[in-house]
């Protein structure tokens, strides 16, 4: 239970930092920072808990909201010191992803779900908070950036945890492998441009323009 | 129960195809295809189950996730053969709508809800997965396209099912009527331009610009 | 219980008006008006109830859907008489916010939650319906408008209710204080430009462009 709680706290903290950085790019006031930080920090886990019919984690333990609030206030007063807020957002988001995916995996395992649900819960907890942040702040969603690994990292990490579990490793070790896989792949994609081949379309078709 | 399951499977399959087509328009990699396909395929039903406090259908039966994944992989390797991916998306979406609305209606009936909730569940199950797809992929939401019937088709179909039920017809027949109504109206709108009168605004007012 | 129901009805009515006004700015047909009106009217409360594991309020009492539908039809036939639909949307939204925040606070209090959850439920019920409306209709979300108080009003109102409760005032009085605080702050922001200092960024950095 302590491991679960620790992972939830860590992912809340780092996702809140990314939410606050996105708020700084939208030039909000301090309450706006807190709002976006909390949305990003608890969005994925809330969805996970609602789908699994668990008590939502921040209703059970509102201290996580205080953590997200503090992170937002900190960023409000210090973000101008960053050379590139977008680059900081990218890297914090990579850390948060690497913590949130195992957090989702751990909860689904603790609920005794089968491996497909474990996989999906890892991806939901990892990707959905950031997706809500990007949709609300009108940023290009990181899950949609062409030629970058993002959902793939979450998927590979969750798959690694499931595989390690099947191989008989302890849950703690499996979660560590998961986090390491997610972060390595995501960092490789940001720093070295690792990618999968993307869909090759023909020249623009006569379809409707995108908005 | 078999009817419910069959409808859920069919709507998952066809909505997954539309999600993958939207992913192809955003030029994602294969994991991105799977992500958007699953979001579209299970989004509406997940919302329906969460609101009705049922176990979410793909947690109870994760095979639907495999169906959506296969559909996404299929589209990834074959979409370039389509003459117009947007047109294919439109027509697959029409099929999916015609299957998902009765799927929502059937579940609400099985839960013993009154007709207003049955109506709304049909519309949520039919429209929300596609709406999530469009918001995440930054497409103009089909529910918002001016001069096209979309939500109206879902509404008319669900109303038809409720009416048929009140007239004493069997549930299976009522759902068939529902599907036929939805598809006929939607197809008529795509192919022949059927529409309702839209709101007539005055010349652009001095309001805030839309983003 | 009557107070809770009354607050829910009032917030549904006024949020439905704002949803229908947003639909008129997107030039939808009458079913589109109803769809956006219902989404806006029940979005925040649905999220509140799903997170608190209560029965969703409009499933328990579908009459609220009829209220939202009537509001949508009314706006469809009368919106052209408004001099500025955007201005009307802003002011109706301010009223709705001032009713929905106490509605969220009241429910969380009735569920016996601690003050942090009460605070957040007030903000979710107040802000999320309008946020869904703005995301779906592609408007600049009011929660993101620079140099305006919005989330701040919801926060201050919910905080006022919690404070009044701790000071020993009756729930009804605390909710009245909450509504008055929200409306005063929001109205002051619209009419007189009240605001908090926003985040001061340096000149545009080399980060990714927003979409």
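Chains as they are written, first to last, in the working numbering: chain A, 191 to 401; chain B, 191 to 401; chain C, 191 to 401. Idealized CB from N, CA, C, for every residue including glycine.
- With distances taken between CA atoms, residue 274 of chain A lies nearest to A:208 out of A:389, A:208, A:311.
- Listed by position along chain A, the residues whose Cβ is nearer than 9 Å to that of residue 244 of chain C form an empty set, because the closest Cβ is around 12 Å away.
- Counting every other CB atom within 10 Å of its CB across the protein chains shown gives residue 294 of chain C a total of 16 or more, marking it as buried.
- Residue 288 of chain B and residue 195 of chain B have their C-alpha atoms spaced approximately 15 Å apart.
- Residues are counted here when their Cβ sits less than 7 Å from a Cβ of chain B; for the stretch 331-346 of chain A these are 331, 333, 334, 336, 341, 342, 345, given in chain order.
- Residue contact with chain B for residue 367 of chain A: absent (no Cβ-Cβ distance below 8 Å to any residue of chain B).
- Taken in chain order, the members of the stretch 216-227 of chain B whose beta-carbon sits within less than 9 Å of a beta-carbon on chain A are 216, 217, 218, 219, 220, 221, 222, 223, 224, 225, 226.
- Rounded to whole angstroms, the separation of the alpha carbons of residue 388 of chain A and residue 215 of chain B is 11 Å.
- For residue 380 of chain A, no Cβ of chain B is located within less than 8 Å of the residue's own Cβ.
- Per the Cβ contact rule, the stretch 238-246 of chain A is in contact with the stretch 298-316 of chain A (3 or more Cβ pairs under 8 Å).
- Secondary structure note for residue 327 of chain B: it is in no alpha helix (DSSP H), with a DSSP letter that is neither H nor E.
- Of C:351, C:376, C:322, C:365, the smallest CA-CA separation from residue 338 of chain C is found for C:376.
- At a cut-off of 8 Å between C-beta atoms, residue 233 of chain A does not count as an interface residue with respect to chain B.
- Taking a Cβ-Cβ cut-off of 8 Å, the neighbours of residue 240 of chain C in chain B comprise 240, 241, given in sequence order.
- Counting only Cβ-Cβ distances below 8 Å, residue 249 of chain B has contacts in chain A at 241, 242, 303, 307, in chain order.
- Between residue 246 of chain B and residue 236 of chain B, the C-beta gap is smaller than 8 Å, which places the two residues in contact.
- With a beta-carbon spacing of about 6 Å, residue 352 of chain B and residue 308 of chain B fall inside the 8 Å limit used to define contacts.
- At least 8 Å separates the beta-carbon of residue 200 of chain B from that of residue 319 of chain B.
- Pairwise C-beta distances place the stretch 358-365 of chain C out of contact with the stretch 258-276 of chain C, as fewer than three of them are shorter than 8 Å.
- Chain-ordered, the chain C residues with CB closer than 9 Å to the CB of residue 387 of chain B read 219, 220.
- A:333 is the residue among A:203, A:333, A:282, A:255 whose C-alpha sits nearest the C-alpha of residue 321 of chain A.
- With 16 or more other CB atoms across the displayed protein chains lying within 10 angstroms of its CB, residue 261 of chain C is buried.
- Pairing residue 202 of chain C with residue 258 of chain C gives a Cβ-Cβ distance under 8 Å.
- Between residue 347 of chain B and residue 291 of chain B the beta-carbon gap is near 5 Å, inside 8 Å, which marks them as a contact.
- Collapsing the DSSP output to three states places residue 388 of chain B in a strand.
- When DSSP states are grouped into helix, strand and coil, residue 219 of chain A belongs to the strand group.
- The Cβ neighbour count for residue 382 of chain A, taken over all protein chains shown within 10 Å, is under 16; the residue is labelled exposed.
- Rounded to whole angstroms, residue 328 of chain C and residue 335 of chain C show a C-alpha spacing of 14 Å.
- Counting only runs that start and end inside the stretch 294-365 of chain C, the alpha helix (DSSP H) elements of at least 4 residues fall at 305-326, 341-356.
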